[in-house]
Amino acid sequence: MKATSLKLAGVAMFAALSAPAGAAGGDTSLKYGERTLYVHVPPGCPRKGRDRS
Amino acid sequence: MPPEGSRSLVIVLHGGLGNAERIVSQRSEAGLNMDTTADKYGFIVAYMNGTPVARMLGDDKKGWNAGECCGMSSANNIDDVRYISGAIQFLARSYGINPRQVYGMGHSNGAMMTLRLMCETDLLAAAVPISGALEIEAATCPPARGKNILAIRGTGDENVPMSGGKGKGVSNTNFRSQGYTRRIFANSGARYTLLVLPGAEHRLDTIESAMEKAEGISVAEKAARFFGLNH
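So the sequences go chain by chain: Z and W.
In our numbering, each residue's number is its place in the first sequence (first place is 1) plus 175.
In our numbering, each residue's number is its place in the second sequence (first place is 1) plus 1.
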């Protein structure tokens, strides 16, 4: 499990990734804050290398 | 697929009592599933979740605080504008998305939320709200100036009537009208187009069928073309 924290309007929000970074295409479920969101990425679109804090 | 930094994102917002999982798995609101169209044209799709909308119905029944609707999301004044804003920023960084190429679509309560985003923020370049109206009191929506909105409605919508008022759904909301929505956005300098589908009701499957009948394309294809992503 990788994790990214970022600051938004002075409040830290937390995003946990359930799929490997750099996966090419397909569906990814992410946690942003306490909610799950689903990302569909067409083939040939890798997620950027590493998560950042 | 466009190079990093120039990719497009479509955010999809479920209706009241729905959730993102159901759209992704096509168990309901399947007409909001953009996956096939995204693969065809090379854009990214994010299906987002609201928060539990009714205390007694379970946490998987979610909604958005679109202003005067819906349920606990509205009553508890959940800051969905801020949540979606942060999520888009996060996705833009993660997937090399151009922040100027983010588009929104949603159904019912998700349409109302999409319209609220268009009214109050500069997040979305264009929007396709389906079966919903703007549910906030606004004189104008300055961020919408010059932007495109395609509102899709069914003539037989009894849950969120085009003329406004209380529908037959469970929300008990006194909905605003399509006329109000159009007027506010038109007064704000937005290009607001209303597509009325004869025979379509509130449910998305009836919208999908009526769209196929009227134009021979899916709702997803219609939205992608409206956003200019069909290239």
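Note that the Cβ used here is the ideal one computed from N, Cα and C, for glycine as well.
Drop a sphere of 10 angstroms on the beta-carbon of residue i, count the other beta-carbons inside from all chains shown, and report buried for 16 or more, exposed for fewer.
i: Q179(W); result: buried
i: D61(W); result: exposed
i: M212(W); result: buried
i: H215(Z); result: buried
i: N77(W); result: exposed
i: R101(W); result: exposed
i: T37(W); result: exposed
i: G68(W); result: buried
i: G32(W); result: buried
i: R244(W); result: Nothing about residue 244(W) can be reported from this structure: the residues present for chain W run from 2 to 232 only.
i: S95(W); result: buried
i: T194(W); result: exposed
i: E209(Z); result: exposed
i: S164(W); result: exposed
List the residues that DSSP assigns as beta-bridge partners of residue i.
i: V13(W); result: Y48(W), M106(W)
i: F186(W); result: Answer is none; F186(W) lacks a bridge partner.
i: S204(Z); result: Y213(Z)
i: G166(W); result: F176(W)
i: R154(W); result: V197(W)
i: P53(W); result: K63(W)
i: R117(W); result: In DSSP, R117(W) forms no bridge with anything.
i: A127(W); result: Y104(W), N149(W)
i: G19(W); result: K63(W)
i: I98(W); result: R8(W)
i: R192(W); result: N149(W)
Please confirm whether residue i and residue j have their CB atoms less than 8 Å apart.
i: C142(W); j: S172(W); result: no
i: D81(W); j: M113(W); result: no
i: L135(W); j: T174(W); result: no
i: I24(W); j: N34(W); result: yes
Could you tell me the distance, in whole angstroms, from the CA atom of residue i to the CA atom of residue j?
i: E138(W); j: G16(W); result: 21 Å
i: A152(W); j: R56(W); result: 30 Å
i: G43(W); j: M2(W); result: 5 Å
i: A199(Z); j: A88(W); result: With a pLDDT of 45 at A199(Z), under the threshold of 50, the modelled position of this residue cannot be trusted, and the question is left open.
i: A140(W); j: I185(W); result: 6 Å
i: F201(Z); j: V11(W); result: According to the sequence as given, residue 201(Z) is Gly; it is not Phe. Cα to Cα, G201(Z) sits roughly 15 Å from V11(W).
i: E216(W); j: D158(W); result: 19 Å
i: I233(W); j: S7(W); result: Chain W is shown from 2 up to 232; residue 233(W) falls before or after that span and cannot be answered.
i: E121(W); j: K214(W); result: 34 Å
i: P252(W); j: S26(W); result: The structure shown does not extend to residue 252(W), since chain W is modelled only from 2 through 232, so no value can be given for it.
i: R83(W); j: L124(W); result: 11 Å
Segments assigned alpha helix (DSSP H), at least 4 residues, entirely inside the segment 65-90 of chain W: Here the runs fully enclosed are 72-76.
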